[in-house]
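K.L.:
After the structure tokens below, expect a handful of questions from me.
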Amino acid sequence: MGRRSQEDRDAVTVEIGFALVSAAFLAAAAFVAVAAPTVYLDLPRTAEHLLDRIGAVVAAVVFVARLVDVLWGFPRRGSRRPAATHGPQAPSQPSQPGRTSPDS
253 MGRRSQEDRD AVTVEIGFAL VSAAFLAAAA FVAVAAPTVY LDLPRTAEHL LDRIGAVVAA
313 VVFVARLVDV LWGFPRRGSR RPAATHGPQA PSQPSQPGRT SPDS
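Okay, here's the thing in structure tokens:
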């Protein structure tokens with residue numbers, strides 16, 4: 253395995269950050285969705301405690317699932333990028349409409 257370029261390392265760092273932030277957001281939303289009835293309804297203490305526990309478990313599962321989903325898909329998405337080339341690229345199309353490319 254060759255050395256990674258700074259661009260590749262930056263891409264991995266950004267992807268990990270995105271995975272963590274989006275997973276935390278979705279986990280918080282899942283917890284609120286499950287535990288919200290405890291705020292708005294007059295439930296027995298055991299039911300409130302149970303919903304809080306279930307919400308915490310659901311939030312943990314959602315967090316891990318989102319994290320794995322984003323990070324597992326990263327190498328496949330990254331491989332679709334065109335290979336980086338160094339130096340100027342010759343245009344694949346003529347620069348002016350109606351004219352042919354000089355190497356045709």
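Residues 253 to 356, numbered by my numbering, are exactly what the sequence shown covers, in order.
Don't be surprised by glycine CBs; every beta carbon is placed ideally from N, CA and C.
Helix, strand or coil: how does DSSP classify L303 here?
P.N.:
Of the three classes helix, strand and coil, the one that applies to L303 here is helix, per DSSP.
K.L.:
Given this structure, state the Cα-to-Cα distance separating V313 from E267, to the nearest angstrom.
P.N.:
20 Å
K.L.:
At the level of alpha carbons, what is the spacing between P296 and V284?
P.N.:
Using only the alpha carbons, I get a separation of about 18 Å.
K.L.:
Starting from P289, follow the alpha helix (DSSP H) in both directions and report where the run begins and ends.
P.N.:
For P289, the uninterrupted alpha helix (DSSP H) segment begins and ends at 289-292.
K.L.:
In angstroms with no decimal places, state the Cα-to-Cα distance between P289 and G269.
P.N.:
Answer to the nearest angstrom: the Cα atoms are 32 Å apart.
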